[in-house]
Amino acid sequence: DIQMTQSPSSLSASVGDRVTITCRAGQTIGTYLNWYQQTPGKAPQLLIYAASNLQGGVPSRFSGSGSGTEFSLTISSLQPEDFATYYCQQSYDTPGTFGRGTRLE
Amino acid sequence: QLLESGGNLVQPGGSLRLSCAASGFTFSRYAMSWVRQAPGKGLEWVSGVGATGVTRYYAGAVEGRFTVSRDNSKNTLYLQMNSLRAEDTAVYYCVKGREYSSGEVDWFDSWGQGTPVTVSS
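Residue numbers (my numbering), protein chains in the order written: chain W, 1319 to 1423; chain C, 136 to 256.
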């Protein structure tokens, strides 16, 4: 299985801050990298697919970049509703493994 | 919309069948998967099935114990879980994959609200 490592595991920030979360794959995965947001008690929702493509309905303050083994999710200006846990997931090879999550607080 | 049902408390070694009713999209065109989340833990892909139901894939932890299936005439996805273990305790999410994908590996653009499964004596 391809191991996905997220950093940091938790992050303290304030409304208006610019934050970046990093995800590293255990082997090269091209741009087969996706990002999800999960708020407490709710199901995850897709933010970014294929490394840099914004899912429909997701605010443009979210962006993704990277290829190969190094990827990042950036939120340009944090809003109150963005305080959540973020997961990366590789869709290069089965099983589609997830990172352990980054809690933004 | 994806609506799961069937989660329950079950004893180790027992069985459960989860269902997921889909609406709002052409179900028969899309691969579907199950993803689970143990209490306080991260996300784990469990199983996927292609749009036609012919191709089916499983995580190593559940292979041989779980069976995924779908009924495109009823717009419903299923997960039959046998020989359940304590480590199968989790919220199980029904998730929508890509159009005409095999279901082997996907990103998931729609999630149900989840159904809880607890395996305990």
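Note that beta-carbon positions come from the ideal geometry of N, C-alpha and C, so glycine has one too.
Would you call the region 1326–1340 of chain W in contact with the region 1358–1378 of chain W, where contact means no fewer than 3 C-beta pairs closer than 8 Å?
They do not touch, by the three-pair rule.
At 7 Å on the CB atoms, spell out the chain C contacts of W:Arg1418, in chain order.
Translated into the one-based positions of the first sequence, residue 1418 of chain W becomes position 100. Correct list: Gly177.
With the cut-off set at 8 Å, would you say W:Gly1382 and W:Ala1402 are in Cβ contact?
On the first sequence, residue 1382 of chain W is found 64 positions in, with the first residue counted as 1. On the first sequence, residue 1402 of chain W is found 84 positions in, with the first residue counted as 1. No, these two residues do not count as a Cβ contact at 8 Å.
For the beta strand (DSSP E) that contains C:Pro251, what are its first and last residues?
As a working mapping, residue 251 of chain C is identified with position 116 in the second sequence. Taken as a continuous stretch (DSSP letters only), the beta strand (DSSP E) holding C:Pro251 covers 250–254.
Indicate whether at least one CB of chain C lies closer than 8 Å to the CB of W:Tyr1367.
Counting from 1 along the first sequence, the entry for residue 1367 of chain W is found at position 49. Yes, contact with chain C.
How is C:Asp244 classed by DSSP in three states: helix, strand or coil?
Within the second sequence, the letter at position 109 stands for residue 244 of chain C. Correct three-state label for C:Asp244: coil.
Which residues does DSSP pair with C:Gly183 in a beta bridge?
As a working mapping, residue 183 of chain C is identified with position 48 in the second sequence. BP columns for C:Gly183 point to C:Ser168, C:Tyr192.
So C:Ser208 is in the beta strand (DSSP E); what residue range does that whole segment cover?
Counting from 1 along the second sequence, the entry for residue 208 of chain C is found at position 73. Looking at the DSSP string, C:Ser208 is not in any beta strand (DSSP E), and its letter there is neither H nor E.
C:Gln215 to W:Leu1364, Cα distance in whole Å?
For this step, residue 215 of chain C is matched to residue 80 along the second sequence. For this step, residue 1364 of chain W is matched to residue 46 along the first sequence. If you take the alpha carbons of C:Gln215 and W:Leu1364, they lie about 26 Å apart.
Please name the residue or residues paired with W:Gln1363 in a DSSP beta bridge.
Position 45 of the first sequence, counting from 1, holds the residue named residue 1363 of chain W. DSSP lists W:Gln1355 as partners of W:Gln1363.
Within the 8 Å Cβ cut-off, does W:Gln1397 reach chain C?
Walking along the first sequence from the start, residue 1397 of chain W turns up at place 79. Not one chain C Cβ lies under 8 Å of W:Gln1397.
For the beta strand (DSSP E) that C:Tyr228 lies in, which residues bound it at each end?
Reading the second sequence from its first residue, position 93 is the one you call residue 228 of chain C. Taken as a continuous stretch (DSSP letters only), the beta strand (DSSP E) holding C:Tyr228 covers 225–234.
Is the shortest distance between the beta-carbon of W:Ser1394 and the beta-carbons of chain C less than 8 Å?
Here residue 1394 of chain W refers to the residue found at position 76 when the first sequence is read from its first residue. No, its Cβ sits nowhere closer than 8 Å to a Cβ of chain C.
For a contact meaning CB atoms closer than 7 Å, what does W:Thr1412 contact in chain C?
Locating residue 1412 of chain W in the first sequence gives position 94, counting from the first residue. Here the neighbours are Tyr192, Glu239, Val240.
I believe C:Asn210 touches C:Ser150 by the beta-carbon criterion, under 8 Å. Please report the beta-carbon distance rounded to the nearest angstrom.
Reading the second sequence from its first residue, position 75 is the one you call residue 210 of chain C. Reading the second sequence from its first residue, position 15 is the one you call residue 150 of chain C. 24 Å between Cβ atoms; not a contact.
Using a Cβ cut-off of 8 Å (strictly closer), state whether W:Pro1377 contacts chain C.
Taking the first sequence and counting its residues from 1, one reaches residue 1377 of chain W at position 59. So no, W:Pro1377 is outside the interface.
Is it the case that the region 232–248 of chain C contacts the region 183–195 of chain C, given that we only count it when at least three CB pairs across the two stretches are under 8 Å?
Yes: at least three Cβ pairs fall under 8 Å.
Check whether chain C comes within 8 Å of W:Leu1364, counting only Cβ atoms and requiring the distance to be less than that.
Walking along the first sequence from the start, residue 1364 of chain W turns up at place 46. Chain C contact via Cβ: present.
In terms of alpha-carbon separation, which member of W:Ala1343, W:Gln1408, W:Thr1387 lies closest to W:Tyr1367?
Numbered from its first residue, the first sequence carries residue 1367 of chain W at position 49. Checked all of W:Ala1343, W:Gln1408, W:Thr1387; the closest Cα to W:Tyr1367 is W:Gln1408.
Roughly how many angstroms separate the alpha carbons of C:Asp206 and C:Gly249, rounded to a whole number?
Translated into positions along the second sequence, residue 206 of chain C becomes position 71. Translated into positions along the second sequence, residue 249 of chain C becomes position 114. Using only the alpha carbons, I get a separation of about 19 Å.
Do we get a CB-CB distance below 8 Å when we pair C:Gly84 with the residues of chain W?
The structure shown has nothing for residue 84 of chain C, since chain C only spans 136 to 256.
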